[in-house]
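Q:
In our numbering, the protein residues as written are 245 to 684.
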C-alpha cells in the first residue's frame, strides 16, 4: 500500500509539474472524459475477459473430451481475446491511464492513492493482455504444449480478475472521501469492503454478459467476419452457449447491481440513482428474453438489438457510478470549483498585466521618430539643446506634457514649436523618457 501511495504521489507531482491547476471548465471536462473512458474500459475489457473465460473453459472441455465444436469455439474466442495486442492497449491500458490522469486533476490535493489504483489496474491489464496473446498464439500447439498453453490463459484470467478488483477498489475509494486520510494505514477498508466486493462482482458479471451478447454479432450478424465462416454445427453450438450464458448472467446482474447499490456509502446515494436502476431493469427484460430464445433455438435472436440494449445498460451503470461519486464529493467539488475560479481570476490578472506591458509605449522610440528632426540633447538644431531646457521640468511631468500638447513660443531666438503629431500616451511616454534622461 505504501508503494502505491508513493507511486501515486510521484504521478501527481509529474502531472502537476506539466499542468496548471484545473479551472471550473476543465473540471467538468475531466469528469466527462472519466465517464467516456470508463465506458470504453468496461466494454473493451468485458469482451476480452468474457471471451477468454469461455475460451479457457471450452479448451479444457475439449482436452478431456474431444469435441470439434468445443475446439473450434475455443479457438475463435481465443482470437477475440488475444488476437491482437492492440485490443488491451486501446480498451484497457489507455483508458485506465487516462482515468488516473483525470482523477489526479479532479481530486488534486485529496489522496494520491486514487490515481495509483487505476495505474496499478493498468499494469495488470497490460500483463493480462500479453498472456492472452500468448494463449492465442499457442492454440495450434495445444497437442504438444498444452500445459503452457492453458497456463497462459488461466494466468491471464487471474490478472484480469485482479485488475477488476483493483479498479473496483479505486472506484469505491472515490465514493468515500472521508476515509482518504486513513486508507493508507487501513487498506482493508477499501479492498475488503462490501461495496468493493459487490462492485467487483458487478464488473465480472457484466463482462461475461457483455461478451455473450457481443459475440452473437460475430457468429450471426456479421457475414464478412471470421466467426460467420464456422460450420453450421459450430454456429448452432455457439448460439446455444452464448444464449444460455447470456440468460444466466442476465438474471444474475440485477441482483448483483442491487446489492452494490444497497452497500453504497450513505453519503453517495441520490434519488436519481433509483430511477436509473428502474430504467436498467426495463432494458434487461427484453435482453433476457432474447438470450433465452437464442439458447433454446441455438440461433441468435435479434443480436444487434441485444447489443444495443446491453450497451445502454452499460451507459446507465456508468451514469449511476458518476451520480454516486458526484454526490459523495459534492462539498469537495464545490471547494475545487471555488479554488479553480480564484485561480482563473489570478491568471486573468496576470494576462491583463502582460497585455498592458506589451502595449507600453517606448518614449525613446517616439522621440527618435517625431522629435529628433528638430531637437538634440546637447546641440542646437531647429530648437534649443534639450539638456538646457528639460531640467527645469524636474518633478513637473504634467507641466511638460501640457507644453508638448500645446507648445507656446517662449524664446524669441527660436521659431515657434509646431504641435507634435503624437497621441496622449505617446506624449506621456516622451515626457517620462526626457525627464529620466535629462532631469536626473
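Every residue gets a Cβ at the ideal spot worked out from N, C-alpha and C, and that includes glycine.
(1) Answer yes if the segment 446-455 comes into contact with the segment 508-523, meaning at least three C-beta pairs across the two stretches below 8 Å, and no otherwise.
(2) Let me make sure I understand the geometry here. Which of 303, 363, 345 and 400 has the alpha-carbon closest to that of residue 386?
(3) Let's see if you can read the secondary structure: which residues bound the alpha helix (DSSP H) around residue 607?
(4) Do residue 484 and residue 536 have their CB atoms nearer than 9 Å?
(5) Here's the rule I'm using: 16 or more other beta-carbon atoms within 10 Å means buried, otherwise exposed. How should residue 438 be labelled?
(6) What are the start and end residues of the alpha helix (DSSP H) that includes residue 412?
(7) What is the rounded straight-line gap between the Cα of residue 281 and the Cα of residue 343?
(8) Quick one: using the 10 Å Cβ neighbour count with 16 as the cut-off for buried, is residue 639 buried or exposed?
(9) What is the residue span of the alpha helix (DSSP H) that residue 538 lies within?
(10) Cβ of residue 553 versus every heavy atom of the ligand HEM: is any distance shorter than 8 Å?
(11) Reducing DSSP to helix, strand and coil, say where residue 329 ends up.
(12) Let's see if you can read the secondary structure: which residues bound the alpha helix (DSSP H) around residue 459?
(13) Under three-state DSSP, which class holds residue 655?
(14) At which residues does the alpha helix (DSSP H) containing residue 351 begin and terminate?
(15) Since I believe residue 366 is in contact with residue 341 (beta carbons under 8 Å), could you give me their beta-carbon distance rounded to a whole number of angstroms?
(16) With burial defined as no fewer than 16 other Cβ atoms inside 10 Å of the residue's Cβ, what is the status of residue 549: buried or exposed?
(17) Under 9 Å, do residue 614 and residue 683 count as touching if we go by C-beta distance?
(18) With distance defined between alpha-carbon atoms, name the residue in 674, 273, 272 and 289 nearest to residue 558.
(19) Would you mind working out which of 313, 656, 567 and 532 sits nearest residue 520, comparing C-alpha positions?
(20) When the distance is taken between beta carbons, is residue 472 closer than 9 Å to residue 480?
(21) For residue 661, is the classification buried or exposed, using 16 other Cβ atoms within 10 angstroms of its Cβ as the cut-off for buried?
(22) Are residue 440 and residue 393 closer than 9 Å when you measure CB to CB?
(23) Taking 9 Å as the cut-off, decide whether the C-beta atoms of residue 672 and residue 643 are in contact.
(24) Identify whether residue 668 lies in helix, strand or coil by the three-state DSSP scheme.
(25) Kindly indicate which residue of 518, 487 and 489 has the alpha-carbon position closest to the one of residue 502.
(26) Span of the alpha helix (DSSP H) holding residue 614?
A: With the structure as the only source:
(1) no
(2) Working through the chain shown from its first residue, we reach residue 386 at position 142. The option with the nearest alpha carbon to residue 386 is 303.
(3) Taking the chain shown and counting its residues from 1, the one referred to as residue 607 is at position 363. Its alpha helix (DSSP H) spans residues 607-610.
(4) The residue given as residue 484 occupies position 240 in the chain shown. The residue given as residue 536 occupies position 292 in the chain shown. No, they are not a contact pair.
(5) In the chain shown, residue 438 corresponds to position 194, counting from 1. Per the 10 Å Cβ criterion, exposed.
(6) What you label residue 412 is simply residue 168 of the chain shown in a count that begins at 1. Element bounds for residue 412: 390-417.
(7) Working through the chain shown from its first residue, we reach residue 281 at position 37. Working through the chain shown from its first residue, we reach residue 343 at position 99. Near 7 Å, if we compare the C-alpha coordinates of residue 343 and residue 281.
(8) Within the chain shown, residue 639 is the residue found at index 395, counting from 1. Residue 639 is exposed by the Cβ-count criterion.
(9) The residue you call residue 538 lines up with position 294 of the chain shown. Residue 538 -> alpha helix (DSSP H) spans 515-541.
(10) Annotation note on the ligand HEM: not contained in the displayed structure, which lists no ligands.
(11) The residue you call residue 329 lines up with position 85 of the chain shown. If DSSP states are grouped into helix, strand and coil, residue 329 belongs with coil.
(12) Within the chain shown, residue 459 is the residue found at index 215, counting from 1. Residue 459 -> alpha helix (DSSP H) spans 438-464.
(13) Counting from one through the chain shown, the residue named residue 655 turns up at place 411. It is coil, neither helix nor strand.
(14) Taking the first residue of the chain shown as 1, we reach residue 351 at position 107. Premise fails: residue 351 is in no alpha helix (DSSP H) and is neither H nor E.
(15) Along the chain shown, read from residue 1 onward, the residue named residue 341 stands at position 97. Along the chain shown, read from residue 1 onward, the residue named residue 366 stands at position 122. Indeed, because the Cβ distance is near 5 Å, the residues count as touching under 8 Å.
(16) To locate residue 549, count along the chain shown from 1; it is residue 305. Residue environment for residue 549: exposed (fewer than 16 other C-beta atoms within 10 angstroms of its C-beta).
(17) For the purposes of this step, residue 614 is identified with residue 370 of the chain shown, where counting begins at 1. For the purposes of this step, residue 683 is identified with residue 439 of the chain shown, where counting begins at 1. No, these two residues do not count as a Cβ contact at 9 Å.
(18) Within the chain shown, numbered from 1, the residue matching residue 558 stands at position 314. Measuring from the Cα of residue 558, the nearest candidate turns out to be 289.
(19) In the chain shown, residue 520 corresponds to position 276, counting from 1. Out of 313, 656, 567 and 532, 567 has the C-alpha closest to the C-alpha of residue 520.
(20) Working through the chain shown from its first residue, we reach residue 480 at position 236. Working through the chain shown from its first residue, we reach residue 472 at position 228. No.
(21) Taking the first residue of the chain shown as position 1, residue 661 is located at position 417. Classification for residue 661: buried.
(22) Numbered from its first residue, the chain shown carries residue 440 at position 196. Numbered from its first residue, the chain shown carries residue 393 at position 149. No.
(23) Mapped onto the chain shown, residue 672 falls at position 428. Mapped onto the chain shown, residue 643 falls at position 399. Not a contact, by the Cβ cut-off of 9 Å.
(24) One-based indexing of the chain shown puts residue 668 at position 424. DSSP places residue 668 in helix when its eight states are reduced to three.
(25) Within the chain shown, numbered from 1, the residue matching residue 502 stands at position 258. Closest option to residue 502, Cα to Cα, is 518.
(26) Looking up residue 614 in the chain shown gives position 370. Neither: residue 614 is in no alpha helix (DSSP H) and is coded neither H nor E.
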